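K.L.:
In UniProt numbering, the protein residues as written are 1 to 290.
1. Can you tell me which of the three DSSP states residue 75 falls into?
2. Decide if residue 17 is buried, meaning its Cβ has at least 16 other Cβ atoms within 10 Å, or exposed.
3. Counting contacts by CB-CB distance shorter than 7 Å, is residue 154 in contact with chain B?
4. Just tell me which of 284, 184, 67 has its CA closest to the CA of residue 148.
5. Cutting at 6 Å between CB atoms, please list the residues of its own chain near residue 75, excluding the five before and the five after it.
6. Within 10 angstroms of the Cβ of residue 85, are there 16 or more other Cβ atoms? Answer buried if so, exposed if not.
7. Helix, strand or coil, according to DSSP, for residue 201 in the structure here?
8. Can you give me the start and stop residues for the beta strand (DSSP E) that residue 129 sits inside?
9. Compare the C-alpha of residue 217 against each of 251, 135, 139, 236 and name the closest.
10. Can you grab the Cα-Cα spacing for the pair residue 213 / residue 207, in whole Å?
11. Starting from residue 26, trace the alpha helix (DSSP H) both ways and give me its first and last residue.
12. Just verifying my parser: in three-state terms, what is the DSSP assignment at residue 235?
13. Can you grab the Cα-Cα spacing for the pair residue 11 / residue 128, in whole Å?
14. Among the residues of its own chain, which have a CB less than 8 Å from the CB of residue 282, if the five just before and after it don't count?
Here it is in structure tokens:
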């Protein structure tokens with residue numbers, strides 16, 4: 001992967017019998033499964049989406065012996081569903097729409113929505129609130145020099161100012177948190193200082209300390225929930241992640257007018273976010289002084 005994109009393979013998903021699948025933040029190692037706070041989605045008996053996610057896996061498999069990225073992809077790798085033509089399905093007895101996304105752009109065959117396109121669509125279609133839980137938030141692209149990367153940060157600003165959507169950011173506080181993260185958060189918060197109906201709240205999730213001084217329970221989630229949809233991905237919201245690293249994402253939305261009161265995925269993920277948001281492990285102050 002490094003030879004192809006100068007990045008790494010950060011995808012975390014399972015496809016079982018091309019019928020069931022898991023996608024989430026957890027890696028298959030002891031730290032993820034025993035010491036970090038992870039979140040994923042497990043979908044049973046959905047062969048259409050499982051096959052589409054399997055095509056992402058097949059793309060990776062086909063690149064293992066190559067030292068270049070093909071100019072044209074096989075039709076067997078083309079996406080079955082995307083942000084413009086999602087899959088209509090019944091999820092937990094509730095009507096829903098879903099599709100799989102991937103990163104980076106050079107790993108997106110015909111029809112495949114990129115993670116950035118998926119995130120953009122979810123943010124742009126939010127009417128009332130956007131709740132984001134991520135390990136790292138840093139709108140910078142770093143190569144030989146740092147430069148501002150506005151793809152997501154700009155969309156959040158538009159949602160705040162132009163559409164008056166309520167935004168909450170829950171970011172992990174750990175040893176690898178970049179100091180500039182706080183600058184960008186304060187910049188977002190400053191937009192709402194003298195604006196009516198503008199609400200940007202940010203909190204930092206700090207894991208509990210151990211006797212040896214190490215941290216346990218790092219909030220390793222990478223998801224977003226709005227009043228309309230959820231996005232669950234493998235990558236942190238950092239410019240380099242989406243540009244160079246390989247990852248996958250899942251978008252699930254509920255059509256307008258759906259009135260069923262069965263536990264919708266949107267409601268379930270919102271409950272998870274609010275549980276963490278109001279927990280004793282979160283603070284509104286920069287994490288260095290918590």
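The beta carbon of each residue, even a glycine, is placed where N, CA and C say it ideally should be. On a predicted model such as this, the values are computed, not experimentally measured, just so you know.
P.N.:
On the basis of the coordinates in this document:
1. helix
2. exposed
3. Of the chains in the structure shown, none is chain B; there is only one protein chain.
4. 184
5. none
6. exposed
7. strand
8. 129–134
9. 135
10. Residue placement at residue 213 cannot be trusted, given a pLDDT of 49 that sits under 50; what the coordinates show is reported in the next sentence. Those two C-alpha atoms are separated by around 12 Å.
11. Taken as a continuous stretch (DSSP letters only), residue 26 belongs to no alpha helix (DSSP H), as it is neither H nor E.
12. coil
13. 30 Å
14. 170, 203, 204, 205, 206, 276
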